[in-house]
Structures are given as C-alpha cells and as structure tokens.
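Asker: Sequence lines, in order, name chains B and F. The letter at position 166 of the first sequence is residue 166 when you use the UniProt record's numbering, and the numbering goes up by one with no holes. The letter at position 105 of the second sequence is residue 105 when you use the UniProt record's numbering, and the numbering goes up by one with no holes. Even glycine gets a Cβ: it sits at the ideal position worked out from N, Cα and C. Take this structure, written in structure tokens, and hold onto it; I'll ask about it next.
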Amino acid sequence: MYAIEFKNVSFRYEEEQPYVLRNVSFQVEAGEWLAIIGHNGSGKSTIAKLMNGLLFPTEGEIIINGIPLNEENIWEIRRQVGMVFQNPDNQFVGTTVRDDVAFGLENRGVPRAEMMDRITSSLEQVRMQDYLLHEPYRLSGGQKQRVAIAGVLAISPSVIILDEATAMLDPLGRKEILDTVHHVQAAQQLGLITITHDLNEVMQAHRVLVMNDGEIWTTTVPRELVKRQTELQQIGLDVPFVTQLAHALERQGITLDEQPIDHEELLDALWTLHSNK
Amino acid sequence: MTGSLSSWQIWQVINMNNLLIVGQYVPTNSIVHRMDPRIKMLIIFFYVIFIFFANNIVSYALFTVFAVGGTLLTKVPWRFIAKGLTPVWFLIVFTFILHLFVTKEGTVLVNVFGLPIYSGALEQGAVISLRFFLLILLTSLLTLTTTPIEITDGVESLLGPLRRFKFPVHELALMMSISLRFIPTLLQETEKISNAQASRGVDFRTGPFRERVRAVIPLLVPLFVSAFKRAEELAMAMEARGYRGGEGRTKLRELQVMKRDVAALVIFIIVVAAALITRDYS
C-alpha cells in the first residue's frame, strides 16, 4: 500500500479548456520524501490540490493510504494529508499561535484536554513553543510557516505537502523550514512532498519528480537529475551553483568522481581530488 | 517620506473615529479583566435597562456607586477612561444645557439673557446627564478590560440559543475573529502601498481636500484586490485544514463562570433590587 498513489490522473478546470495535467501516474511510499519540481504553470500545484481533495481529478484515480479520494471520504483524507501553502499570512487563521495550531483540532472535534497536549508537542517539534501567545504580526515569515507546520503536525497526518511553502521566505527562513520538515519527517516516518521551482531545494529529497507542461518529464534521484544540466535549462529550471561549477570544471578537464549535490560534497571532492589520482 | 502615511497614522485615523473596538484595551490584569466576558456583557445590558428605573437620589446613588466602584476595580488609569469619554463629553454638556432652557418646572431661579431657568430644569438636566455619563462609563469599561477576542467568544456564547432559529452564530464569531486577526496585516499592507504610491508621486497630505480624497483611490484599489486574493487563499487553507462549519466542532478557548463572576452578578442584583425598592412609586 502506498501513502499516495496517482493512477492516470488528468485534470482540467472546465470542459473545452486545455488539460492542466495529462495522464499523471506516480506513487509515494510511507516515510518517503518526494520533491515535485517544475516551472510556473507546469501543473505541480494542481497535483498538490488534488492530493488534498481541494480539486477532484477529471479522469483517473487517486488513492491515499488505500482510501480512494472521493466526496464521501474527503474529510478522512484531509485528516491524513496535511498541507502548508505559499503565503505565510494567508493561512494563519487564529489570533495567536496557540489558536492557530488549535484550528485544525477544533475542526475535527478533538476534546479540549487533548488539544492542549497536542498543541504543545507539535509546537515543540518546530521549536516554536516559546511563542504560544504571540500574534501573527509579531512573527517573521519563517516563524509563521513553522506554526503552519505545527498546525499540520497537530492532527497527526501520514503525509505532509509543502506547496511552495518556502517561496516567499528569505534564505534563512527557507533553510529553517526545510531543516524542520526534514527532521520531523525522519523522526515520524511521514510521507513528505515538497513542491518547488527551485532545484536547490530538491537536493535532500529521496526522489524527484519533474513536471513539464502538465506531464511527468522524469522521475529520478537528485544526483542523477542534476547531471542533465542542459535539458533542465531547456524546460526552464535553474541548475544549482554547485552543479554549474562541477560542469564548468569538467569542461576544463577536471572530472569529479561523483556529481556533488551540495557545498560540502563539492568541497570534499575538491580537496581529495589530487590524492585520488 | 513626503506624502505617504505610516501604518501608525492610519491606525490613529481609524481610532480617532472610534469605529473599532480594538486598541482600547488596557491590560492591567485586574479582577474585572479576569471576569467572564459574558457576565460583563450581561451586567452592562441589564444596567442600561434598569438605570432608567432610577428616579430619586438614593436609586441614582446606588447606580453611581456601582459604576464608579467597578471603574476603580479595573485599575485602569483615569486618563484612559477620560480619553474614552472625550467624544461624548460634548453630548453630555449639550444635553444638560438643552434641558436647562427647555424644561419649565418648579420655580424660576435666575434669568439668563431674558430666559428663565427653572429649578426643575436644573434637576432634570443634571439627572439626564448623570444617567448618560454612567451609561457611557460602564460600557467603555467593557472594551477597556476585555480583549476583542474575548468579546467575540462572549458574543458567540450568548447568542448560542439563536442557533435553534438557524442564526449563523458560529460563522458570525469566526468572521469577527478573522477580521481582528487581519487588521494589522492589512494595515501593514496599506503602509506598503502608500509608500509605493508616494514614491510614484502621489501626494496624500497636501493640496485641497478633494484632491487628497482622490489620492486615496490608488491606495484602495490595490488594497481591495489583494484583500480578495487573501480571502480566497485563506478559504482554501481553511478547507485544507478540515474546516466545515460549526457542526461537531470543539473549542480551545473555553469560557468558565468563576466565583468572582458569581460574586459580581450577586452584587449587581443587590444594587438593582435596592434601587427598585428605594425608587419613588408615587
């Protein structure tokens, strides 16, 4: 059984309109981190909304933890699939951090006594426990997104989707969020789906699904993906600096043993380069 | 900073007109602050009704002692209370003067510019002004000692019985709390847009009134567009978080009637009963 399974899913907003998604099939296993990447309008955000029942597929089938997605069990599916959106301000419902984390629990009729425990523990997981009574305007973008993640964790989902959740943050906030979800995902063996247009953010993922014009362009691991620099640029994706440097070195006749995926690996490859020969 | 408005100034403009109940809260954590908002609202509601039954010195004294005593208990500095009363001072004085000249009861005390002032007029004017003053004083205590969100919770709970008549109580309360949450966000946004427009040469501060009003349009249009966009995204986020109306929902913030609330209510009932007994029935 997969955490999420898409079977030949196609989607368009209205009849007579072009398809936004065409015949998309993929699976996500429990505890797996899948990154979905693509340029604007490639259909990646549509996939996110389909997983949560915010949209329904025009054709095909979506199965979440063995439950087929339809109008009847949509609430059960929304309990299992938590979602964090792009704009930190436009998903903060409560007047304080505590009230916002409680929102999802209140919606599901969780008893009050249990609510308090769940709020504290989920805020601890994102290290926001000291901000319990803060109003949203006193928090940074990154902190608001961490509260949003806590709100999702509080309902103990089996899958978390980050739909461009870092796009509006500064580099520090971005790192904060990715570290937080990575940590939580590993600790709880959650399925994690991050949707982004930034290749830098897919490097830690287990698998990458590249979307282009409503179709799956490829599914691979990050290390393999960055080898295809020119193809990626053709579909409108910027290749990370580390990869660019590795390719530039190659053109100069310096070949690294393995394609580095972050600064550390690049550094290691460079300073061991000479002794390897 | 040529012609743009800071969010603080916009804030002041809003508060100046006292259109919003936000921003008046003075946190002193007194016993009145810690009271159940529902009890506070109930007391104020019935106070407003029963003060009209007072008709002699004793009954008015009872209501005055209750309102002033309550004010002292809040520990809110007098200048904050005075600030809350500023817009109505004029009305209170005006009512008094009006009564002075219009009422023609009792004996003539003195002639002002050929107009006779009767003793009954002085009495009547003083009584009406006092009543007016007490009403404003007590109601302003609510916003001075209760946060907007507590008021929202109180309203939701008090209107609860109306749910039977299909009145959307929960939705109303949620709308109120979401509005409260977005006020600072929209103020920040207004400041941003105001700066952006000022940098393009729009002048909000100088020129004739009509032109300043016209300058607000390029401020309002983008603000509305973005507010609608926010609303749409918020609705989606709420749905994704399992929101489906008030049915089967639990609440984190729970109102509880404590001993102090019961005590306040008992004191209030004694005051009202005493006033009803001592008033003139002839």
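Give me the residue from B:32, B:85 and B:247 with the minimum Cα distance to residue 44 (chain B).
Answerer: Nearest C-alpha to residue 44 (chain B): B:85.
Asker: Can you tell me whether residue 22 (chain F) is helix, strand or coil according to DSSP?
Answerer: The pLDDT assigned to residue 22 (chain F) is 47, lower than 50, so where the model puts this residue is not dependable, and the model offers no usable value.
Asker: Which whole-angstrom value describes the C-beta separation of residue 235 (chain B) and residue 39 (chain B), a residue pair presumed to lie in contact below a C-beta threshold of 8 Å?
Answerer: Confirmed, Cβ separation roughly 7 Å.
Asker: Is there a C-beta anywhere in chain B that falls below 8 Å from the one on residue 184 (chain F)?
Answerer: Yes, its Cβ sits closer than 8 Å to a Cβ of chain B.
Asker: Given that a residue counts as buried once 16 or more other Cβ atoms are within 10 Å of its Cβ, and exposed if not, what is residue 164 (chain B)?
Answerer: Answer is buried; the Cβ neighbour count reaches 16.
Asker: Can you tell me which of the three DSSP states residue 116 (chain B) falls into?
Answerer: Helix.
Asker: Taking the CB atoms as reference points, tell me whether residue 48 (chain B) and residue 155 (chain B) lie closer together than 8 Å.
Answerer: Cβ atoms of residue 48 (chain B) and residue 155 (chain B): not closer than 8 Å.
Asker: Using 8 Å as the limit for Cβ to Cβ distance, is residue 157 (chain B) near chain C?
Answerer: The structure shown has no chain C; the protein chains it does contain are B and F.
Asker: Residue 159 (chain F): which of F:145, F:81 and F:38 sits nearest, CA to CA?
Answerer: Among F:145, F:81 and F:38, the Cα nearest to that of residue 159 (chain F) belongs to F:38.
Asker: Can you list, in chain order, the residues of its chain whose CB lies under 6 Å from that of residue 254 (chain F), leaving out five sequence neighbours each side?
Answerer: Within the same chain, residue 254 (chain F) has no close Cβ partners at all.
Asker: What span of residues does the alpha helix (DSSP H) with residue 116 (chain F) cover, start to end?
Answerer: Per DSSP, residue 116 (chain F) belongs to no alpha helix (DSSP H); it is in the beta strand (DSSP E), 115-118.
Asker: If the cut is a Cβ gap below 9 Å, which residues of chain B does residue 238 (chain F) touch?
Answerer: Chain B residues near residue 238 (chain F): 91, 93, 103 and 107.
Asker: Kindly indicate the opening and closing residues of the alpha helix (DSSP H) around residue 171 (chain F).
Answerer: Here the alpha helix (DSSP H) through residue 171 (chain F) covers 169-199.
Asker: For the alpha helix (DSSP H) that residue 263 (chain F) lies in, which residues bound it at each end?
Answerer: Start and end: 259-278.
Asker: In chain order, which continuous runs of the alpha helix (DSSP H) of length 4 or greater are located wholly inside the stretch 27-83 of chain F?
Answerer: Here the runs fully enclosed are 37-50 and 57-74.
Asker: Alpha carbon to alpha carbon, how far is residue 5 (chain B) from residue 31 (chain B)? Give it in angstroms, no decimals.
Answerer: Going from the Cα of residue 31 (chain B) to the Cα of residue 5 (chain B) covers about 14 Å.
Asker: Taking only beta carbons into account, state which residues of the stretch 58-80 of chain B come closer than 8 Å to chain F, listed in chain order.
Answerer: Flagged, chain order: 75, 78 and 79.
Asker: How about residue 178 (chain F): is its C-beta nearer than 8 Å to some C-beta of chain B?
Answerer: Judged by the 8 Å Cβ criterion, residue 178 (chain F) is in contact with chain B.
Asker: Does the distance from the C-beta atom of residue 181 (chain F) to that of residue 107 (chain B) stay below 8 Å?
Answerer: No, the Cβ-Cβ distance between residue 181 (chain F) and residue 107 (chain B) is not below 8 Å.
Asker: Please work out which residues of its chain come closer than 8 Å, Cβ to Cβ, to residue 8 (chain B), disregarding the five sequence neighbours upstream and downstream, and give them in chain order.
Answerer: Same-chain partners within the cutoff: 23, 24, 25, 59, 60 and 61.
Asker: Please say whether residue 246 (chain B) and residue 259 (chain B) have beta carbons closer to each other than 8 Å?
Answerer: Yes, the Cβ-Cβ distance between residue 259 (chain B) and residue 246 (chain B) is below 8 Å.
Asker: Under 8 Å, do residue 138 (chain F) and residue 25 (chain F) count as touching if we go by C-beta distance?
Answerer: No, Cβ-Cβ distance for residue 138 (chain F) and residue 25 (chain F) is not below 8 Å.
Asker: Pairing CB atoms from the stretch 92-103 of chain B with CB atoms from the stretch 118-134 of chain B, are three or more of them under 8 Å?
Answerer: Touching, yes.
Asker: With distance defined between alpha-carbon atoms, name the residue in F:209, F:147, F:246 and F:184 nearest to residue 227 (chain F).
Answerer: The shortest C-alpha separation from residue 227 (chain F) is found at F:184.
Asker: Considering residue 175 (chain B), what are the terminal residues of the alpha helix (DSSP H) in which it resides?
Answerer: Here the alpha helix (DSSP H) through residue 175 (chain B) covers 171-188.
Asker: Are residue 144 (chain B) and residue 136 (chain B) touching if we call contact CB-CB under 8 Å?
Answerer: Yes, they are a contact pair.
Asker: Could you tell me which of B:83, B:197, B:271 and B:94 sits nearest to residue 251 (chain F), measuring between CA atoms?
Answerer: Considering only alpha carbons, the answer is B:94.
Asker: Starting from residue 111 (chain F), follow the beta strand (DSSP E) in both directions and report where the run begins and ends.
Answerer: Residue 111 (chain F) -> beta strand (DSSP E) spans 108-112.
Asker: Which same chain residues, not among the five before or five after residue 135 (chain F), have their C-beta less than 7 Å away from its C-beta?
Answerer: Result list for residue 135 (chain F): 48 and 51, in chain order.
Asker: In this structure, how does DSSP classify residue 27 (chain B) when only helix, strand and coil are distinguished?
Answerer: Residue 27 (chain B) falls in the strand class under three-state DSSP.
Asker: So, is residue 146 (chain F) buried or exposed, given that buried needs 16 or more other C-beta atoms within 10 angstroms?
Answerer: Flag for residue 146 (chain F) reads buried.
Asker: Out of F:133, F:155 and F:243, point me to the one whose CA is closest to residue 176 (chain F)'s CA.
Answerer: The residue with the shortest Cα to Cα distance from residue 176 (chain F) is F:155.
Asker: Taking Cβ to Cβ, would you say residue 146 (chain B) is nearer than 8 Å to residue 128 (chain B)?
Answerer: Cβ distance < 8 Å, so residue 146 (chain B) and residue 128 (chain B) count as in contact.
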